[in-house]
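**Student:**
2 protein chains.
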Amino acid sequence: MLACAMRRTPPATRRSGCPLNAALEMVGDRWSLLVVRDMMLRGASHYADFLNGHERIATNILADRLRKLAQIGIISAARDTQDRRKRIYRLTKKGIALAPVLVEMVLWAASHEATGNQPLVRSMRDKKSFLTAIRARWQDTLQAL
Amino acid sequence: MLACAMRRTPPATRRSGCPLNAALEMVGDRWSLLVVRDMMLRGASHYADFLNGHERIATNILADRLRKLAQIGIISAARDTQDRRKRIYRLTKKGIALAPVLVEMVLWAASHEATGNQPLVRSMRDKKSFLTAIRARWQDTLQAL
DNA sequence: GGATATCGCTTGCAATTTGCAAGTCACGAC
DNA sequence: GTCGTGACTTGCAAATTGCAAGCGATATCC
Numbered sequence: 542m543l544a545c546a547m548r549r550t551p552p553a554t555r556r557s558g559c560p561l562n563a564a565l566e567m568v569g570d571r572w573s574l575l576v577v578r579d580m581m582l583r584g585a586s587h588y589a590d591f592l593n594g595h596e597r598i599a600t601n602i603l604a605d606r607l608r609k610l611a612q613i614g615i616i617s618a619a620r621d622t623q624d625r626r627k628r629i630y631r632l633t634k635k636g637i638a639l640a641p642v643l644v645e646m647v648l649w650a651a652s653h654e655a656t657g658n659q660p661l662v663r664s665m666r667d668k669k670s671f672l673t674a675i676r677a678r679w680q681d682t683l684q685a686l
Numbered sequence: 542m543l544a545c546a547m548r549r550t551p552p553a554t555r556r557s558g559c560p561l562n563a564a565l566e567m568v569g570d571r572w573s574l575l576v577v578r579d580m581m582l583r584g585a586s587h588y589a590d591f592l593n594g595h596e597r598i599a600t601n602i603l604a605d606r607l608r609k610l611a612q613i614g615i616i617s618a619a620r621d622t623q624d625r626r627k628r629i630y631r632l633t634k635k636g637i638a639l640a641p642v643l644v645e646m647v648l649w650a651a652s653h654e655a656t657g658n659q660p661l662v663r664s665m666r667d668k669k670s671f672l673t674a675i676r677a678r679w680q681d682t683l684q685a686l
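Structure representation (structure tokens):
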């Protein structure tokens, strides 16, 4: 199977062909990357995990973002077999590949503003080992299925 | 002078202390990073340069974003001494420091979607030399003042 | 096994933001 | 002094956001 055939979203109608524009049309809003962060760094996987995050996302917006992120192929959604009321959200390969973007945004913000969570920032300074660790953790959660 | 004293924006009221949240409150919208891209990659410096970009930003939104980016300290604005109708917008140090973020977003989008401008993508693959070149060009434009 | 709680949403609605089009106003060119 | 240009501002309809309340399916308790 060709990699191309696996893309979830055919280019759609983009305002321009610029890859940066494509990225921004997918995750260029206030909330999408925070949802990704919660999954990647805080291990969030249930609806309530995201709702209770520190930024207090509104429930209708959360539902909308989860839907869009799934459509785009950044996350996958599945019913929890242990508790059928719950759904489990997971990062896909495309989703975990956003890690370098998050790292650079965090490092940029931390070096130009007064921000919290300095331990996280410090651990990100060694990008290579941070990314390796993140990817390893993600692989592990896939094993656990 | 302490570095801290140079910050343009005292933390403001953020939804959370997370550096990623801070970054998103500053540039987490559809347009801000496209404006930065136009300056960084296309050498845009006048209002019309941005207006005529391929994504066709609306004029009121452009004015708003230029104002906000200047407030935050990502760009600076100055009257053109050659033609006093014009204003010249330039990236500050904080603005040019966004280059790694742009690079990672472009590389991510290009490897998960069908996008245009492959020459740019290819040149970004060697991140280190790409960033060095970008920073050098930025320094040059400052010399020319 | 019927009442109660929990989970993941949806709905209503006001307020803000976006996007397009049409000005406006200072300056420069002729 | 008239005309064009550059950088915006204004008006307005449409879309998006944010908050609160509700709802249906599933689990838990007694």
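From first to last, the protein sequence lines stand for chains A and B.
542 is the number of the first residue of the first sequence in the numbering used here; add one for each residue after it.
542 is the number of the first residue of the second sequence in the numbering used here; add one for each residue after it.
Just so it is clear, CB atoms sit at the ideal spot from N, CA and C, and this is done for glycine as well.
1) Can you list, in chain order, the residues of its chain whose CB lies under 7 Å from that of Ser573(B), leaving out five sequence neighbours each side?
2) Could you confirm whether any beta carbon from chain A is found closer than 7 Å to the beta carbon of Met580(B)?
3) Given a cut-off of 7 Å, decide if Ile613(A) and Val567(A) are closer than it, judged by their beta-carbon atoms.
4) Return the CA-CA distance between Leu592(B) and Gly584(B), expressed in angstroms with no decimal places.
5) Pull up the distance between the alpha-carbon of Ala690(A) and that of Val576(B), whole angstroms please.
6) Inspect the CB distances between the stretch 664-675 of chain B and the stretch 631-645 of chain B and report whether three or more fall short of 8 Å.
7) Helix, strand or coil for Arg628(A) per DSSP?
8) Taking the straight line between their C-alpha atoms, what separation do you get for Glu596(B) and Val662(B)?
9) How would you list, in chain order, the residues of chain A whose beta-carbon sits under 8 Å from the beta-carbon of Val642(B)?
10) For Ala604(A) and Ser617(A), what's the separation of their Cα atoms in angstroms?
11) Run through the DSSP bridge pairs and tell me what Ala619(B) is partnered with.
12) Are the C-beta atoms of Asn562(B) and some chain A residue less than 7 Å apart?
13) Comparing C-alpha positions only, which one of Arg678(A), Asn562(A), Asp590(A) and Thr656(A) sits nearest to Lys627(A)?
14) Closest to Leu632(A) by C-alpha separation, out of Ser586(A), Glu654(A), Asp621(A) and Arg666(A), would be which residue?
15) Quick one: Cα of Arg548(B) to Cα of Ala563(B), how far?
16) Is it buried or exposed, Arg578(A), if we count other Cβ atoms within 10 angstroms and call 16 or more buried?
17) Using beta-carbon positions only, say whether Gly569(B) and Arg571(A) come within less than 7 Å of one another.
18) Taking Ala599(B) and Pro560(A) to be in contact with their CB atoms under 8 Å, please state how far apart those CB atoms are, rounded to whole angstroms.
19) Give the secondary structure of Lys667(A) by DSSP, where H, G and I count as helix, E and B as strand, and everything else as coil.
20) Would you mind telling me which residues of chain A sit closer than 9 Å to Gly584(B), beta carbon to beta carbon, in chain order?
21) Given a limit of 7 Å on CB to CB distance, which residues of the stretch 563-578 of chain A reach chain B?
22) Is Asn601(B) close to chain A, meaning its C-beta is less than 7 Å from at least one C-beta of that chain?
23) So which residues on chain B does Ser557(A) lean against when the C-beta distance must stay under 7 Å?
24) Would you tell me roughly how many angstroms separate the C-alpha atoms of Arg556(A) and Leu565(A), rounded to the nearest one?
25) If you count every other CB in all the chains shown that lies within 10 Å of the CB of Asp667(A), and 16 or more means buried, which is it?
26) Are the CB atoms of Ile615(A) and Asp621(A) within a distance shorter than 7 Å?
27) If you measure beta-carbon to beta-carbon, which residues of the stretch 608-637 of chain B are closer than 7 Å to chain A?
28) Just to confirm the assignment, what range does the alpha helix (DSSP H) spanning Ala604(A) have?
**Tutor:** So, from the listed chains and residues:
1) Arg606 and Leu610
2) no
3) What sits at residue 567(A) in the sequence shown is Met, not Val. A contact, by the Cβ cut-off of 7 Å.
4) 13 Å
5) Lying before the first or after the last residue shown, residue 690(A) is absent from chain A, which here runs from 542 to 686.
6) yes
7) strand
8) 18 Å
9) Val642, Glu645, Met646 and Trp649
10) 13 Å
11) Ile629(B)
12) yes
13) Asp590(A)
14) For the residues Ser586(A), Glu654(A), Asp621(A) and Arg666(A), the minimum Cα distance to Leu632(A) belongs to Ser586(A).
15) Interpretation of Arg548(B) is limited by its pLDDT of 44, a score under 50 that renders its predicted location unreliable; the figure taken from the coordinates is listed afterwards. Approximately 14 Å, taken between the alpha carbons.
16) buried
17) yes
18) Contact between Ala599(B) and Pro560(A) does not hold, since the beta-carbon distance rounds to 22 Å and is not under 8 Å.
19) According to the sequence displayed, residue 667(A) carries Asp and not Lys. Three-state DSSP puts Asp667(A) in coil, outside helix and strand.
20) Per Cβ cutoff of 9 Å: no residues; Gly584(B) is ~15 Å from chain A at best.
21) Ala563, Ala564, Leu565, Gly569, Asp570, Arg571, Leu574, Leu575 and Arg578
22) no
23) His595 and Glu596
24) 11 Å
25) So Asp667(A) counts as exposed.
26) no
27) Lys635
28) Thr600 to Ile613
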